[in-house]
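In full-length UniProt numbering, the protein residues as written are 1 to 182.
Ideal Cβ placement from N, Cα and C applies to all residues, glycine included.
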């Protein structure tokens with residue numbers, strides 16, 4: 001039987017189906033828009049991550065370069081420290097040799113006069129023409145010259161070793177050392 005109720009439901013059924021299709025189209029459209037926005041955002045995040053990854057790699061490379069420079073500076077500083085220690089040891093040896101050599105008494109009047117208690121030894125500052133080639137005077141004089149030459153060589157080597165260190169690397173190493181806790 002066809003009464004008003006059935007007639008109304010007959011018209012509302014297809015209308016609700018059409019409405020459902022429209023809602024589905026709207027939802028699909030909204031989902032597509034949301035997917036596009038998410039894809040765009042994802043691409044932006046990927047590009048930011050790529051830039052950050054590249055900058056992290058550059059920073060890591062710079063850190064590695066600085067580490068290498070610091071190891072070179074440390075090696076040169078260790079070398080300079082060893083040269084300083086060697087120079088100090090040579091100075092000690094020179095001082096000990098000076099102590100072992102007989103000294104003049106302060107009260108003597110003439111340059112060539114000797115203390116009567118000391119054996120007669122010519123002046124060590126100049127070579128004695130009468131001294132034999134193998135005498136103690138010539139060997140002491142030679143030792144003095146050798147020590148002097150060694151000290152000068154070490155000082156020159158230390159000077160040029162320290163000059164070979166790049167100034168910015170030295171400043172960086174000193175500032176790092178100052179900032180590092182003891």
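How big is the Cα-Cα spacing for residue i and residue j?
i, j, result
"residue 188", "residue 89", "Absent from the structure is residue 188, since the part of the chain shown begins at 1 and ends at 182."
"residue 140", "residue 66", "50 Å"
"residue 52", "residue 35", "25 Å"
"residue 69", "residue 44", "37 Å"
"residue 62", "residue 55", "10 Å"
"residue 142", "residue 148", "10 Å"
"residue 26", "residue 60", "50 Å"
"residue 20", "residue 28", "12 Å"
"residue 101", "residue 72", "43 Å"
"residue 24", "residue 33", "14 Å"
"residue 81", "residue 97", "24 Å"
"residue 31", "residue 49", "26 Å"
Run through DSSP, which three-state label would residue i get?
i, result
"residue 38", "helix"
"residue 101", "coil"
Of all the options the options, which has the alpha carbon lying nearest to the alpha carbon of residue i?
i, options, result
"residue 156", "87, 19, 142 and 17", "87"
"residue 145", "99, 159, 57 and 94", "94"
"residue 151", "92, 22, 40 and 50", "92"
"residue 154", "24, 85, 101 and 58", "85"
"residue 160", "41, 83, 96 and 97", "83"
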